[in-house]
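Undergrad:
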Amino acid sequence: MLASLVRWLDERLDLEGLIAPFKHKTVPTHRFSYWYFFGGVTLFLFIIQVLTGILLLLYYRPGANEAYESVQYIMTRVQFGWLIRSIHAWAANLMIFTAFVHMFSVLFLKAYRKPRELTWVSGMLLLFLVMGFGFSGYLLPWNTLAFFATKVGTEMAGQVPIVGKAMMIFLRGGPEVTGATLTRFFGFHVAVLPGLVTVLIAMHLFFVQRQGMSVPPKIEEEWIENPSARREMKFFPNFMLRELMAWYVAMGVLGALAAFFPWNLSTKADPFVSAPAGIKPEWYFLFMFQTLKLIPSKVWFVDGEVLGILGCSLAGLLWLLLPFFDNDKAGRGKAWITGLSIFALVYVVGMSVYGYLAK
Amino acid sequence: MCADQNPQPGTSRRRAIEIFLGGGILASLASFLYPVMRYFVPPAVVDLGGDEVVAAKLGDLKPNSGKIFRFGSHPGLLILESDGSYRALSATCTHLGCTVQYRPDMREIWCACHNGIYDLNGRNVSGPPPRPLTVFDVHERGDEIVVSRKREA
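Just so you know, the protein sequences line up as chains A and B, in that order.
Those letters in the first sequence? Residues 9 to 367, by the numbering used here.
Those letters in the second sequence? Residues 1074 to 1226, by the numbering used here.
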């Protein structure tokens, strides 16, 4: 019956023609092929976020007087509400993790080189937006931790010379973090960011489709030396089924985490209580947080905080433009970029662990 | 020997694998969808209205007028007739759920949405309403007008 339905549609819409390019598409097979899965898993987690986000919208109410209570309601009164919220929170964290893994794997496998510069740029923009998702979504339950995280995060934006103050007021919807901030962050989180991210994902996937998968230079050399070692598999169905299996595993990990370690809610935000001891940002901001903590309050004649924020922004900007520095003629990728990538990975992981352990 | 019983052993093996794989996928889909379906059902709202409510104070209403009051989470209509007697009914139109009003000019209950008309006993006399309005008991307690659900029999 399904077959006849497919035939009916095919007669009218030429589905065969639609999937024809996918039938010719191949994926190189080598010992690093597994790293190709992380982009797809990140996409899968984004889809989960859209679906569970829509479900949460059925009961969530933005507003300083209602947000915390409505999340509490979801967690305690709505059937399986705790599960849906836990999945949303865990998938958010896993998505940021897999996006970082994807970024570093692209970096080490040199997949950003010409002609894939734009794929890298769109991917980096997606990484920044995903962190924006994390930052804005964190405030929505309006609990104590979220309140202070937002206060500190927006205060940091305020440190930027000249435009900082205006930026902070724009983010907060006023000089302080209030219900107005919550309304704004809600709008960013459920409308602005999803729109931007969807467009960028479409572009990112379009680039990948047009250019095909990159083969790491090391493997490429081996293949040139020994052409019989060259291996590839069909995208459809071979690679796609493997990718779906990776999605299924991701779903299992996500379900287990959400069920066994449900996300808690803690106490309602109160602007007139002191920040609790040991307060820290989410793990994906820890490396920046720790960097800022280590910079002294005055470096020569510049404010330490300003220096740190400008430094982080500059590093982010250079990272975004990284492929344009790697114009190695031989196509192997420059050695100093490999060194820098290793340094970046060690720095991010090291600072995150340090930030986690530090008092 | 196996081949004697089944001319195409590969086909039946393939079939078995398809059944296990398909069954597994269906089972996991069901386990994802079940919580979502339950999540869609809003938790029951506790009706704190009870069976009795103070609808108005004596003197709140002029003769030949009506007012809407809260009966639990639903609206009720309290009417003071020209002869000084009170009546209370459910204010939810039995047609499509609009809130009805008392029309002093017609001395009837009127629903603005689709021109449904009920008499003061709640009977649907003209227009689309299919059923009469529920009538409540009214009594005075001190200076309060108390409305309660009619006791069954």
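Virtual Cβ for every residue (Gly too), placed ideally from N, Cα, C.
Can you tell me the Cα-Cα spacing of A/G131 and A/H212, whole angstroms?
TA: When rounded, the distance between both Cα atoms is 7 Å.
Undergrad: Check whether the segment 189-207 of chain A and the segment 318-331 of chain A touch, using three or more Cβ-Cβ pairs below 8 Å as the test.
TA: No, because fewer than three Cβ pairs between the segment 189-207 of chain A and the segment 318-331 of chain A fall closer than 8 Å, the two stretches do not touch.
Undergrad: Would B/K1130 and B/D1210 qualify as a contact pair, given that the criterion is a beta-carbon distance under 8 Å?
TA: No, they are not a contact pair.
Undergrad: Kindly indicate which residue of A/D18, A/T37, A/F45 and A/F54 has the alpha-carbon position closest to the one of A/L204.
TA: Measuring from the Cα of A/L204, the nearest candidate turns out to be A/F54.
Undergrad: Give the single residue among B/H1187, B/G1170, B/S1155 and B/C1171 whose Cα lies nearest to the Cα of B/R1180.
TA: Cα-wise, what sits closest to B/R1180 is B/S1155.
Undergrad: At a CB distance below 8 Å, what residues from the segment 88-108 of chain A approach chain B? Give them in sequence order.
TA: So the list reads F88, G89, L91 and I92, given in the order they occur along the chain.
Undergrad: Using the beta-carbon of each residue, which ones in chain A are nearer than 7 Å to B/R1111?
TA: Neighbours of B/R1111 on chain A, chain order: Q87 and F88.
Undergrad: Express the C-alpha separation of B/S1085 and A/D334 in angstroms, rounding to a whole number.
TA: Each residue's Cα considered, the two are about 55 Å apart.
Undergrad: Give a yes or no on whether the minimum CB-CB distance between B/V1118 and chain A is below 8 Å.
TA: For B/V1118, the answer is no, since every Cβ of chain A falls outside 8 Å of its Cβ.
Undergrad: Which bits of chain B does A/L63 rub up against, with CB to CB less than 8 Å?
TA: Within 8 Å Cβ-Cβ: V1109 and Y1112.
Undergrad: Can you list, in chain order, the residues of its chain with a C-beta nearer than 7 Å to that of A/F52? Leave out the 5 residues immediately preceding and following it.
TA: Excluding positions up to five away in sequence, the list reads W255 and A258.
Undergrad: Considering only residues of the same chain and omitting the five flanking positions on each side of B/A1226, which have a CB-CB separation below 7 Å?
TA: Any reading at B/A1226 must be qualified, since the residue scores a pLDDT of 49, below 50, and its modelled position is unreliable; the value itself is stated next. Excluding residues within five positions, none has a Cβ falling inside 7 Å.
Undergrad: In this structure, what does DSSP give as the bridge partners for A/M241?
TA: BP columns for A/M241 point to A/V35.
Undergrad: Who are B/H1212's beta bridge partners in DSSP?
TA: Bridge partners of B/H1212: B/V1219.
Undergrad: Pull up the distance between the alpha-carbon of A/Y364 and that of A/V357, whole angstroms please.
TA: Each residue's alpha carbon lies about 10 Å from the other.
Undergrad: Report the CB separation of A/A75 from A/L148 in whole angstroms; it is logged as a contact under 8 Å.
TA: Yes, A/A75 and A/L148 are in contact; Cβ-Cβ is about 6 Å, under 8 Å.
Undergrad: Beta strand (DSSP E) containing A/Y362: first to last residue?
TA: No beta strand (DSSP E) contains A/Y362, which is instead part of the alpha helix (DSSP H) from A343 to L365.
Undergrad: Among the candidates B/E1213, B/I1218 and B/R1160, whose CA atom is the shortest distance from the CA of B/L1206?
TA: Per the Cα distances, B/R1160.
Undergrad: What is the C-beta distance between A/I209 and A/L318, in whole angstroms, given that I count them as a contact (C-beta under 8 Å)?
TA: Not quite, the Cβ-Cβ distance comes to about 30 Å (not below 8 Å), so this is no contact.
Undergrad: For B/K1140, name the three-state secondary structure that DSSP assigns.
TA: Reduced to three states, the DSSP call for B/K1140 is strand.
Undergrad: DSSP state of A/D18, grouped into three classes?
TA: A/D18 falls in the helix class under three-state DSSP.
Undergrad: By DSSP, does B/C1075 sit in helix, in strand, or in coil?
TA: With a pLDDT of 47 at B/C1075, under the threshold of 50, the modelled position of this residue cannot be trusted; read the value that follows with caution. Three-state result, B/C1075: helix.
Undergrad: With DSSP run on the structure shown, which of helix, strand or coil describes B/L1193?
TA: Note: B/L1193 maps to coil in three-state DSSP.
Undergrad: Which residue comes first and which comes last in the alpha helix (DSSP H) that contains A/A258?
TA: Its alpha helix (DSSP H) spans residues M248 to F268.
Undergrad: Quick one: give me the first and last residue of the beta strand (DSSP E) that B/Q1174 is part of.
TA: It spans Q1174 to R1176 - the beta strand (DSSP E) in which B/Q1174 sits, taken as one unbroken run.
Undergrad: With A/K31 and A/F244 assumed to form a contact (beta carbons below 8 Å), what rounded beta-carbon distance in angstroms separates them?
TA: Indeed, because the Cβ distance is near 6 Å, the residues count as touching under 8 Å.
Undergrad: Under the assumption that A/L115 contacts A/S349 (Cβ atoms under 8 Å), give the Cβ distance between them as a whole number of angstroms.
TA: Rounded, the Cβ-Cβ distance is 5 Å, consistent with contact.
Undergrad: Going by the beta-carbon positions, is the gap between A/V307 and A/L294 smaller than 8 Å?
TA: Not a contact, by the Cβ cut-off of 8 Å.
Undergrad: Answer yes or no: do A/P331 and A/R39 have a C-beta to C-beta separation smaller than 8 Å?
TA: Cβ atoms of A/P331 and A/R39: not closer than 8 Å.
Undergrad: Should A/R93 and A/L59 be called a contact, given that it needs their Cβ atoms to be closer than 8 Å?
TA: Cβ distance not < 8 Å, so A/R93 and A/L59 don't count as in contact.
Undergrad: Per the DSSP calculation, B/W1183 is bridged to which residue(s)?
TA: DSSP, once it has assigned bridges, lists B/Q1174 and B/I1190 as partnering B/W1183.
Undergrad: Can you tell me where the beta strand (DSSP E) with B/R1160 in it begins and where it stops?
TA: Counting along the chain, the beta strand (DSSP E) containing B/R1160 begins and ends at Y1159 to S1163.
Undergrad: When you compare each of A/D336, A/R218, A/E24 and A/G263 to B/S1101 by their alpha carbons, which one comes out closest?
TA: Comparing Cα-Cα distances from B/S1101 to each of A/D336, A/R218, A/E24 and A/G263, the minimum goes to A/G263.
Undergrad: Leaving out five residues before and five after B/A1164 in sequence, what residues of the same chain have Cβ atoms less than 6 Å from its Cβ?
TA: Cβ within range, chain order: I1141, P1148, G1149, L1150, T1172 and V1173.
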